[in-house]
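Each protein sequence line maps, in turn, to chains Y and B. Going by our numbering, the first residue of the first sequence is number 1, and it counts up by one from there. Going by our numbering, the first residue of the second sequence is number 279, and it counts up by one from there. See structure below.
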Amino acid sequence: MNGYNFAYLDEQTKRMIRRALLKAVAIPGHQVPFGSREMPLPYGWGTGGIQVTASVLGAKDVLKVIDQGADDTTNAVSIRRFFARTAGVRTTTHTAEATVIQTRHRIPETPLRPDQIIVYQVPQPEPLWRLVPSRAETRRMHALADYGVMHVRLYEDVARFGQVAISYDYPVMVNERYLMAPSPIPAFDNPKMHMMAALQLFGAGREKRIYAVPPYTAVRSLDFEDHPFRPSRAPHSCGLCGASDAYLDEVVTDDRGSRLFVCSDTDYCEARRAGAAA
Amino acid sequence: MSGDALLSARGLSLSFGTIPALVDVDADLWPGEMLAVVGESGSGKTTLLNTLSGRIAPDNGVVWYRDPAGHLHDVHAMPSPMLRRLHRSDWGFVHQDPRESLRMAVSAGGNIGERLMAQGARHYGDIRAQALDWLAQVEIDADRVDDLPRTFSGGMLQRLQLARVLVTHPRLVFMDEPTGGLDVSVQARLLDLIRTLVSRFGVAAVLVTHDIAVARLLAQRIIVMQRGRVVETGLTDQVLDDPRHPYTQLLVSSVLQA
């Protein structure tokens with residue numbers, strides 16, 4: 001496309017982001033500051049993810065973008081079209097075909113491979129942000145691995161509700177060292193991060209932080225010995241493909257209280273239906 | 279460092295601008311002993327406490343701490359991870375205002391459990407049991423365990439803070455006017471509680487107070503400070519019954535005899 005560099009960002013910016021990414025990969029779970037650029041979409045729509053994607057994208061890559069698991073929502077469609085225009089890369093909705101997957105709020109149900117990269121859009125990179133008001137203090141706590149206060153939050157949940165009541169953005173310990181916010185993916189997806197074959201990159205545009213989990217890294221969801229981590233999902237099967245192991249969305253279908261539970265991962269659901277039809 | 283003191287300060291000096299807050303202060307604290315630091319407002323008591331506990335670095339002088347294995351550590355030369363580990367396990371700090379150290383948005387049980395969890399306790403049932411046990415020790419009803427501290431009275435807050443600090447069985451506790459701002463009957467109850475707990479667990483403590491009666495009740499030894507200097511030190515009863523320095527004499531005679 002005329003007037004734009006490949007994948008929108010100029011090469012110096014990409015270089016700066018790649019340096020941050022290399023540092024992030026070298027220290028799994030550690031938040032690396034970077035000079036976040038203004039992007040042609042509002043904060044909260046994936047400005048961090050889009051910059052990371054722009055920096056790792058090559059001409060031969062195949063891009064998939066999902067938003068809450070779906071390929072056909074506004075955010076996913078616009079970002080996919082953005083890179084199709086500014087980078088001319090091939091795009092896809094099939095998880096297995098993609099080499100770079102930018103995601104908001106989900107990890108695909110299909111297990112990822114070593115040759116794939118998954119880029120998360122992160123609204124809030126600091127897992128301690130609601131507990132400790134000072135960023136200077138949270139940085140010191142990360143440096144000293146002083147994470148007792150996060151368990152106080154879990155304790156409070158168990159004391160009040162009988163279980164840990166965090167259903168998304170469930171805090172994880174990466175490589176037994178850094179406490180990390182996995183971005184607002186459902187706790188259901190947390191186990192997929194553990195020893196994942198693909199490289200996981202996280203970009204927070206407004207907060208100007210990048211972090212990463214290299215392939216085959218231990219990612220442990222925090223819990224208590226007597227209240228182990230339990231990923232939760234709606235106790236139903238998908239109304240379209242019948243999957244009983246996938247994460248489900250609840251869709252209201254009329255104004256008389258009817259509702260339908262369907263896979264939130266649209267590609268997974270379609271593939272299952274196509275497989276059943278064939 | 280003399281003998282087998284737990285904490286030992288030599289030649290501490292610190293000034294804030296032109297104001298000398300500490301002038302060549304020496305202090306020793308032996309295991310299981312309570313040392314009171316008394317003096318009027320602005321005499322450097324709290325500064326001394328903060329310096330001893332590593333929260334403020336002195337301009338001159340050194341503070342030695344002897345760990346359970348008998349090794350000596352220079353508190354102000356210690357790497358900060360180690361100092362922080364000390365502060366959340368072997369040491370405790372009791373503030374005058376419990377709101378400074380308590381998490382007001384976290385239940386009483388969570389407040390007591392925090393230090394345990396920071397040390398790696400990961401069994402909810404155990405943490406809960408210890409929280410309940412400590413509530414009982416500081417005479418707070420067990421059914422308040424899930425209440426927020428903001429629903430507690432001032433005396434209860436101070437006792438909760440005590441429980442939160444003592445739950446890890448520290449060897450050394452720094453107390454900054456723990457009875458300040460409480461009414462007399464609550465003060466008496468709290469003093470009684472501090473005395474009981476400190477003797478039950480053999481905790482050594484540095485107690486900053488402006489109240490001579492508190493010092494007499496709790497402390498074995500006393501340091502009297504005036505304008506950043508130690509003017510008199512010795513056994514509490516000795517110093518208070520037979521004060522030598524004019525300032526100590528003034529301090530003792532100014533207390534109303536009830």
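For every residue, glycine included, the Cβ atom is placed at its ideal position computed from N, Cα and C.
- In summary, the residues of the region 424-437 of chain B whose CB is separated from some CB of chain Y by less than 8 Å are Asp424, in the order they occur in the chain.
- Per DSSP, the continuous beta strand (DSSP E) segment holding alanine 314 of chain B begins and ends at 312-317.
- Look at the beta carbons and you see the region 164-173 of chain Y not touching the region 399-416 of chain B: under three pairs across the two are nearer than 8 Å.
- Fully enclosed alpha helix (DSSP H) runs of no fewer than 4 residues occupy 190-193 of the region 158-202 of chain Y, in order along the chain.
- Per the Cβ contact rule, the region 227-241 of chain Y is not in contact with the region 55-70 of chain Y (fewer than 3 Cβ pairs under 8 Å).
- When DSSP states are grouped into helix, strand and coil, glycine 403 of chain B belongs to the helix group.
- In the three-state reduction of the DSSP assignment, threonine 253 of chain Y falls in the coil class.
- Beta-bridge analysis with DSSP links threonine 511 of chain B to B:Ile501.
- Only residues of its own chain outside the window of five on either side were considered, and among them Val509, Glu510 have a CB closer than 6 Å to the CB of histidine 523 of chain B, listed in chain order.
- In this structure, DSSP gives leucine 131 of chain Y a state outside helix and strand, which the three-state scheme calls coil.
- One thing to note: alanine 305 of chain B has its Cβ no nearer than 8 Å to the Cβ of glycine 339 of chain B.
- Neighbours of leucine 144 of chain Y in chain B, taken as residues whose beta carbon is under 8 Å from its own, are Ser358, Pro359, Arg362 in chain order.
- Here glycine 275 of chain Y carries a helix assignment [DSSP, helix/strand/coil].
- Contact residues of the region 193-226 of chain Y toward chain B are Phe224, Glu225, Asp226 (C-beta to C-beta distance below 7 Å).
- Rounded to whole angstroms, valine 52 of chain Y and aspartate 72 of chain Y show a C-alpha spacing of 21 Å.
- Annotation for valine 32 of chain Y: Ala20, Lys23, Ala24, Ile210 place their beta carbon closer than 6 Å to its own, counting only its chain and skipping 5 residues before and after.
- Straight-line spacing of the CA atoms in leucine 485 of chain B and alanine 386 of chain B works out to 24 Å.
- As for any alpha helix (DSSP H) of minimum length 4 sitting wholly inside the region 378-439 of chain B, the runs are 386-396, 402-415, ordered along the chain.
- Check the Cα spacing between valine 451 of chain B and each of B:Thr429, B:Leu460, B:Ala441, B:Glu318: the tightest is with B:Ala441.
- A check of alpha carbon separations from alanine 143 of chain Y across B:Arg449, B:Ser358, B:His447 identifies B:Ser358 as the nearest.
- Chain order gives the chain Y residues near glycine 388 of chain B as Val152, Tyr155, Glu156, Ala159, where near means a beta carbon separation below 8 Å.
- Contact between proline 427 of chain B and leucine 380 of chain B holds: their C-beta atoms lie close to 5 Å from each other, under 8 Å.
- Here threonine 324 of chain B carries a helix assignment [DSSP, helix/strand/coil].
- With the rule of 3 Cβ pairs closer than 8 Å, the region 289-302 of chain B does not count as touching the region 456-474 of chain B.
- Taking every protein chain shown into account, the CB of arginine 15 of chain Y has fewer than 16 other CB atoms within 10 angstroms, so this residue is exposed.
- In this chain, methionine 356 of chain B is not harboured by any alpha helix (DSSP H), its DSSP state being neither H nor E.
- For valine 149 of chain Y, the residues of chain B that pass the 7 Å Cβ criterion are Glu392, in the order they occur in the chain.
- Under the Cβ criterion of 8 Å, isoleucine 405 of chain B is counted among the residues facing chain Y.
- In the structure shown, glycine 289 of chain B falls within a strand segment according to DSSP collapsed to helix, strand and coil.
- DSSP places glutamine 12 of chain Y within a helical segment (H, G or I) once states are collapsed to three.
- Rounded to whole angstroms, histidine 488 of chain B and valine 315 of chain B show a C-alpha spacing of 8 Å.
- By the Cβ-count criterion, histidine 151 of chain Y is buried, with 16 or more other Cβ atoms from all chains shown falling within 10 Å of its own Cβ.
- Looking only at B:Val303, B:Ser321, B:Gly310, B:Phe294, the smallest Cα-Cα distance to threonine 526 of chain B is reached by B:Ser321.
- Cβ contact annotation for proline 336 of chain B (same chain, cutoff 8 Å, sequence separation greater than five): Leu290, Ser291, Leu292, Leu300, Thr329, His354, in chain order.
- Judged by pairs of C-beta atoms under 8 Å, the region 84-95 of chain Y touches the region 261-277 of chain Y, as three or more such pairs exist.
- If you ignore the 5 residues before and after alanine 198 of chain Y, its C-beta comes within less than 7 Å of the C-beta of Leu112, Arg113, Pro114, Gln116, Ile117, Ile118, Pro215, all in its own chain and listed in chain order.
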